[in-house]
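One gets my numbering by counting positions in the sequence shown from 1 and adding 7 to each. Below is one structure, written out as structure tokens; the observations come after it.
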Amino acid sequence: MLRLGYRVRKRMFWVEDMWAIVALMCGVVIESCCTCNISYVSRMPKASLTPAWIYAYTDGQSSIIYFWAYSLTFPSTVWAVRPSILFSLARIFWSTKPLRFMTYIIALVFLVFYSALIIQKA
Numbered sequence: 008m009l010r011l012g013y014r015v016r017k018r019m020f021w022v023e024d025m026w027a028i029v030a031l032m033c034g035v036v037i038e039s040c041c042t043c044n045i046s047y048v049s050r051m052p053k054a055s056l057t058p059a060w061i062y063a064y065t066d067g068q069s070s071i072i073y074f075w076a077y078s079l080t081f082p083s084t085v086w087a088v089r090p091s092i093l094f095s096l097a098r099i100f101w102s103t104k105p106l107r108f109m110t111y112i113i114a115l116v117f118l119v120f121y122s123a124l125i126i127q128k129a
């Protein structure tokens, strides 16, 4: 967050920083889903023979929302970091047009793979 604030202040904000913000927001959603789910698991009965995941994922509507939010934002976080790194490389290779074009093609392939993963999950 400090790096992003520094980049905005120096007016050096670019596409790679936008992808870093997307990854940060997805990470915040993941952390909140894990925290809410853990707080529910800690309230379950201690002397139970039922596995913890049954309690964690059968609490009704809220646990279903946590499950889907977590299962969709975790790969989104991982896949948002990849274009950030690619666009950092594109900025480094800005003067070399073939390498810059290759990073754009790879980013497009990443977008297709990410779309296929999300469609498969849904």
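By construction, the Cβ of each residue, glycine as well, lies at the ideal position given by its N, Cα and C atoms. Note that the structure is predicted; figures quoted are calculated from it, not measured.
Problem - Identity of the residue in 36, 87, 114, 129 nearest residue 97 by Cα - result: Measuring C-alpha to C-alpha distances from residue 97 to each of 36, 87, 114, 129 identifies 114 as the nearest.
Handout entry: Through-space distance from residue 110 to residue 27, alpha-carbon basis
Key = So the alpha carbons of these two residues sit roughly 17 Å apart.
Problem - Where residue 84 falls: helix, strand or coil (DSSP) - result: Looking at residue 84 - three-state DSSP - the assignment turns out to be helix.
Handout entry: For residue 95, the three-state DSSP class (helix, strand or coil)
Key = Three-state DSSP puts residue 95 in a helix.
Problem - C-alpha distance - residue 87 paired with residue 75, whole-angstrom precision - result: Distance between residue 87 and residue 75, taken at the CA atoms: about 18 Å.
Practice task
Taking only the alpha-carbon atoms, compute the straight-line gap between residue 92 and residue 70 and give it to the nearest angstrom.
Solution key: Going by the C-alpha atoms only, they are around 33 Å apart.
Exercise for the section: Measure the CB-CB distance between residue 94 and residue 15 and report whether it falls below 8 Å. Expected result: Contact annotation: residue 94 and residue 15 have beta-carbon atoms that are not nearer than 8 Å.
Problem - residue 79 to residue 125 span [Cα, whole Å] - result: Cα-Cα distance, rounded: 7 Å.
Handout entry: Nearest-angstrom beta carbon gap, residue 100 and residue 177 [assumed within contact, 8 Å]
Key = Only positions 8 to 129 of the chain appear in this structure, which leaves residue 177 out of reach.
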